[in-house]
Amino acid sequence: MNSSSQSTNYKSKFESSVIVGDSRAEGIYGYGVLSQSSVVAKKGRNLVTAMKNGDIDTAIGMYPKNIFLTYGINDIEAYQNSDTFIKLYGEVVDKIQSKLPNTNIYICSILPVTSSAISKQPKFNNISSWNQDIKNLCNKKGVTYIDANSVLANGGYEPDGIHFGVKGIKKWLDLFIQSANL
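So that you can map any letter, position 77 of the sequence shown is 77 in full-length UniProt numbering, and since no number is skipped, the others follow by simple counting.
And the structure:
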């Protein structure tokens, strides 16, 4: 299967879904794997800036069947612990559930980073504990947690050790397809 047909396949799989997040999600349309109509993402976004700048409202206004939330990497850098992040994520889920009661909500774990990225930003050592807090929130709110820790287990990172290329993005989307039965 060539990459063009794979791209078309991903686009059709996600036509009634929206992925919301930061620069990692932005790469999904930046590399052309999905069209921008399926992704609401911006470099540097965390939950505070996503809510302030209308990203969540934009996603809600698209009336998707599925919403995939992919925040966390910038939040880890912004906060001392996960308390505020988890509280905000809960508010985002509540807002989506109240506006779109029939929409399936999926929260993706914070994807891991390389050891070199951790050496530059030691707060990234907290990813696994934050993911446990996200998982607990999902259980409490009745939404689906997607454990994406294995997505880049065999590499695929960009040189910064945080972002990933087309191969990693497709693995990530394959996990979403599997989790949501798209």
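Even glycine gets a Cβ: it sits at the ideal position worked out from N, Cα and C.
With burial defined as no fewer than 16 other Cβ atoms inside 10 Å of the residue's Cβ, what is the status of residue 184: buried or exposed? The chain is shown from 1 up to 182; residue 184 falls before or after that span and cannot be answered.
Comparing the C-beta of residue 67 with each C-beta of chain C, is any distance below 8 Å? This model lacks chain C altogether, as it is built from one protein chain only.
Quick check: the region 116 to 129 against the region 27 to 47, are at least 3 beta-carbon pairs closer than 8 Å? no
Give the DSSP bridge partners of residue 105, in chain order. 67
Here's the rule I'm using: 16 or more other beta-carbon atoms within 10 Å means buried, otherwise exposed. How should residue 109 be labelled? buried
Got a sec? Which residues, its chain only, sit under 7 Å from residue 8 by beta carbon, not counting five neighbours each side? Only weak support is given to the placement of residue 8: the predicted model assigns it a pLDDT of 47, under 50, and the question is left unresolved by the model.
Leaving out five residues on either side along the sequence, give the residues of the same chain with a beta carbon under 8 Å from the beta carbon of residue 135. 109, 145 and 147
Check each candidate in 162, 77 and 61 and name the one with the smallest Cα separation from residue 48. 77
C-alpha distance - residue 184 paired with residue 139, whole-angstrom precision: Because the chain here runs from 1 to 182, residue 184 falls outside it and cannot be looked at.
In the DSSP assignment, what residue or residues form a beta bridge with residue 19? 39 and 68
Along the chain, where does the beta strand (DSSP E) that runs through residue 146 open and close? 144 to 146
How many angstroms separate the CA atom of residue 52 from the CA atom of residue 162? 24 Å
What's the gap between the Cα of residue 150 and the Cα of residue 130? 16 Å
By the 10 Å Cβ neighbour count, where 16 or more other Cβ atoms means buried, how is residue 112 classified, buried or exposed? buried
Can you give the beta carbon distance from residue 44 to residue 75, rounded, assuming they're within the 8 Å contact cut? About 11 Å separates the two Cβ atoms, so there is no contact after all.
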